[in-house]
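Residue numbers (UniProt numbering): 1 to 931. Following: one structure in structure tokens, then a few remarks.
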Amino acid sequence: MHLIIAEKNISAKRIAQILAGDEKVKTTKDGSVFTYSFDNRTVVGLKGHVVEVDFEPGYANWRSTTHTPRTLIDAGTVKKPTEKKIVNLIQKLAKKADLVTIATDYDTEGELIGKEAYELVRAVNPDVRVNRARFSAITPAEIRAAFENPVELDFDLAAAGEARQTVDLMWGAALTRFLSLAARRGGRDILSVGRVQSPTLAMIVDREREIENFVPQTYWVLSLTTEKDRTTFEARHTTGRFTDRDAAFTAKERTKEPLVVTEVKEGQKVDRAPTPFDTTTFIVAAARLGFSAANAMRIAEGLYMNGYISYPRTDNTVYPGSLNLNGILETLKGGVFDKDVAWVQQNRRSKPTRGKKESTDHPPIHPTAAATREVLGEEQWKVYELVVRRFLATLSPDAKWATTRYTFDASGETYRAAGGRLIEAGWRRVYPYSEAKETILPAIGQGEKLPIREVKLEEKETQPPARYSQSRLIQVMEELGLGTKSTRHEVIGKLISRRYVEGNPLRPTLVGRAVIDALDNHAATITEPEMTRTLEEHMQLIKQSRRSRDDVIHESRQMLHQVFDNLEAHESEIGNEIMEQTAEERTVGSCPVCGRDLRIRHSGASQFIGCNGYPECRFNISLPGTAWGRAIRTDETCEKHNLAHIRLIKKGARPWDLGCPLCNHISSNIEALYLMPSMTDDLLQRLHEQHIYTVSDIAGMPPEELAEALGIGIEEARGLAGEAEDALEVLRRRSELRKLVRKIVPPRKGRSHAKIFKSLLDEGIGDLHALSQAEVATLKKAGIPETAANELLDEARRLSGERALREAGVPAVSLKKYLEAGISRPEDLCYLPIPYLAGKTGINPETVHKHVDLVCRHLGRPTPPKITRQAIERGRKELLEIPGLGEATLQRLHLAGVYNAETLLEADPEMVSSITGIPKARIHDYIGHLK
DNA sequence: GCAAGGTC
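In structure tokens form, the structure reads like this:
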């Protein structure tokens, strides 16, 4: 069997289709992995890398005293499978193979992926022949040629990739651990460092510093307006920017008629058709349509997977000769592009445009099939159309402009006006994404004199450089060689998720700056694009067999050791600097009570804003729990309280902007404060002036302090504190009710728990007790479905009964026994006969009587008389002597209060029958027997 | 828990 291993499933499928020719390809699904078979060949796709390098076991603990971050430099590495199903399948197939062809992508990383597959094959089949097919595009011609002339795996090329893997891992992991430990940051807050991410972050930080340090310069621009044939137009002074104010004003004063045309220059300009899309130029073009880099790539990948466009991750800007451009044009005919395609076919340029970069991995991004807006949907269509139109543009002739330039003299001051007119639209007919802005000037002859309608002197300021947009950053990363076509947009995502940068355009956060500062000062190598360049040079040498992989890694290890010499000598200094710089990220503003810093604090699932002066100053602002998202500070500030706004961020959820935390704190506590009977608008204002915002603030304050703060008497303050305590109790009960509702009632569209809870409150149901007495109909009106309403009522009755029993003083051990026997309502204890209660729970009747007494007093009802254990035992014997009366009947009689001969004789048979369900006739029989 | 590189 001939096993062919491709880089990914879709390649495997298409390679199989091409090689099979007319033969049918058999698709088999093994677990979740597809294989494609024909003749005696089987093609299987990897998923890129299916193994990963990691340190050998023993380095998992970051805080190990023996395996410190530095020891990672010399730690051994292992390759471990990340895609177990694929690895297993490859090895299963490899055992049966007599030839294996590696058909991964034609680039360094592809060669390494191929070598990984080779090693998996070798591990189970040491002798099988393994060769390599190389192709730049999955087209019939290329694929057939590649398989007709297979070559050998290039182990040097793969070794270059391995060197990169090892170097990246050891630098990244060692520095990440070192920095995170020094700054005492763990979990979600680790400080990551890497060959690509750190220089990228450094660019953003540097740009921000440039902007901050920018000193604007004032300059002046001088222009005039003139007219010919009733067309007015502008001419600018040939000194584009006057930096000297006096010179500008003098020039303006001197500008006088006559305005004489001294030179007329007409020409033509070629406006070159754009070059084929590689990933970067595609992302930049998509950004102009409003797509973020990640979004553009996501959509392009979708279009690729569905066969509409070619592979979107490519560095190539030159169509390979094997690509059938005419065929693609034919494919696009008939749809909305029909006219454009026809035009391109008629006006085709001799050779398609070509960019500067030519590579072997994939062709430039181009359409591969026709599609319609209806099938794709708006977003995908926009991206697809962009790719189609770009493709058409690369086959279209250049555009041509006619240019005109007039030079004027106004009493010694020279002015110039430039015009441009599109004479041949060329590619612009099919690629309307960049506007062709024409400036049409009237025809004027040399020596002509024109009037001056207006002379305008504008004062302007030089502007700081712009922040990087995502697409601009990707462009610059490419220029510097940072990252690859597949990873550049992901690197930006990584910087955002590490909270190093935010916003669009991108701005660094305090943590981002602190990390770059620390690295710049002590490990500058990793923040410079130079490192990538050197690594690439070394990889080049490995590919050419001029250096070995191990030699390159060894040199890198030594450099990293030197870096660590410096880092370890300054560990605490580095850590302190980062911690100091980042303390500000948690600081929301200053404490309104004492003026010290207010900081966001986290403890487990709860978070709040606390004063740095704690415990002397206890001022704090509550925040929603971390389940709603982790609180971070934003750049917006509340004008009223001078505090930074808070945002709650949660993975996979839209961020929740809370706004000013104090405004939020105040408004969410007002309703609770009005639960206090003495609360008035005036009192509320006085409390707020003293920065007392919550009921628990009042309840927790010593009355003396409260009295002083409000300028009231101590008794009045005590009264307020008492009211606050009561309000707290109401709130506590409400939250208990809320919890139960949330637990039992399933949330539904349009009926949030908050809404249900509000309707319940409106119905006067504010705690479990009130709920336990409610009607099902009321609950249904509040939006609770009937089954849930019944369950809710049962649960509320049980819970509130339990509470009442506890409050009445029934000890916990006994309470448990009552509950287990299904007795949870206090009324049950008052009305059910003691013998029955004792029998059901196994509690001593005397003790039961004590409980019954407690509960009856609590409910304000009379306590039934005591019945002793002996009395019950005696009565039991008496009753069991009656023929036909057994243990079961006895228990039922207990329920009706009948526990001995006497009570049976006194009982009303009708009543006993209705309570116990024993036929009346039989009760008469029992009584008759006794008589 | 760490990188960067594939792919989804």
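Positions of the beta carbon are idealized from the N, C-alpha and C atoms, including for glycine.
Under 9 Å between the Cβ atoms of residue i and residue j?
| i | j | result |
| --- | --- | --- |
| Ile632 | Leu648 | yes |
| Ala466 | Ser322 | no |
| Arg70 | Ala173 | no |
| Leu392 | Val336 | no |
| Val44 | Ile4 | yes |
| Val261 | Gly445 | yes |
| Ile834 | Lys866 | yes |
| Leu761 | Arg718 | no |
| Ile823 | Ile784 | no |
| Leu157 | Thr176 | no |
| Pro352 | Pro276 | yes |
| Val511 | Thr587 | no |
| Leu259 | Ile440 | no |
| Lys780 | Ala770 | no |
| Gly412 | Arg254 | yes |
| Lys252 | Val455 | yes |
| Ala907 | Gly917 | no |
| Ile646 | Ile692 | no |
Near residue i, what residues of its chain come up, given a Cβ to Cβ distance below 7 Å and the 5 sequence neighbours on each side ignored?
| i | result |
| --- | --- |
| Asn125 | Ala94, Lys95, Ala97 |
| Asp206 | none |
| Glu910 | Lys920 |
| Lys85 | Gly31, Ser32, Val33 |
| Gly713 | Ala707 |
| Gly48 | Glu7, Lys8, Ile113 |
| Ile516 | Leu201, Ala202, Val205, Thr527 |
Let me confirm a value: residue i is counted as buried when at least 16 other C-beta atoms fall within 10 Å, else exposed. Which label applies?
| i | result |
| --- | --- |
| Asp315 | buried |
| Glu435 | exposed |
| Tyr831 | exposed |
| His362 | buried |
| Ala247 | exposed |
| Ala569 | exposed |
| Arg857 | exposed |
| Ala796 | buried |
| Pro677 | exposed |
| Gln870 | exposed |
| Met477 | buried |
| Asn9 | buried |
| Arg488 | buried |
| Gly426 | buried |
| Leu662 | buried |
| Lys931 | exposed |
| residue 961 | For residue 961 there is no data in the structure shown, the boundaries of the chain being 1 and 931. |
| Pro845 | buried |
| Met679 | buried |
Who does residue i pair with in a DSSP beta bridge?
| i | result |
| --- | --- |
| Ser590 | Asp597 |
| Cys611 | Leu598 |
| Trp656 | Leu648 |
| Lys333 | Answer by DSSP bridge pairing: none, since Lys333 is not bridged. |
| Ser603 | Ser606 |
| Asn620 | Gly610 |
| Lys460 | Tyr219 |
| Tyr406 | Val264, Ala417 |
| Val501 | Pro508 |
Among residues of its own chain, excluding the 5 on either side of residue i, which ones have a beta-carbon nearer than 8 Å to its beta-carbon?
| i | result |
| --- | --- |
| Asn211 | Checking the displayed sequence, the identity of residue 211 turns out to be Ile instead of Asn. So the qualifying residues of the chain are Pro464, Pro465, Arg467. |
| Arg195 | Val167, Asp168, Trp171, Gly172, Ile526, Met531, Thr532, Leu535 |
| Leu728 | Val695, Ser696, Ala699 |
| Ala146 | Ala103, Ala133, Arg134, Phe135 |
| His894 | Pro833, Pro835, Tyr836, Gly839 |
Please return the same chain residues whose Cβ sits closer than 6 Å to the Cβ of residue i, not counting the five positions on each side in sequence.
| i | result |
| --- | --- |
| Ile283 | Ala293, Ala296, Ser471, Ile474 |
| Ala418 | Arg405 |
| Thr778 | Glu763 |
| Arg349 | Pro397 |
Sequence ranges, beta strand (DSSP E) only - wholly within the stretch 15 to 76, length at least 3: Counting only runs of 3 or more, we get 26 to 30, 33 to 38, 41 to 45, 51 to 55.
Completely contained beta strand (DSSP E) runs for the stretch 221 to 267, where each covers 3 or more residues: You should have 231 to 237.
Runs of alpha helix (DSSP H) wholly within the stretch 845 to 871 (minimum 4 residues, chain order): Counting only runs of 4 or more, we get 845 to 859.
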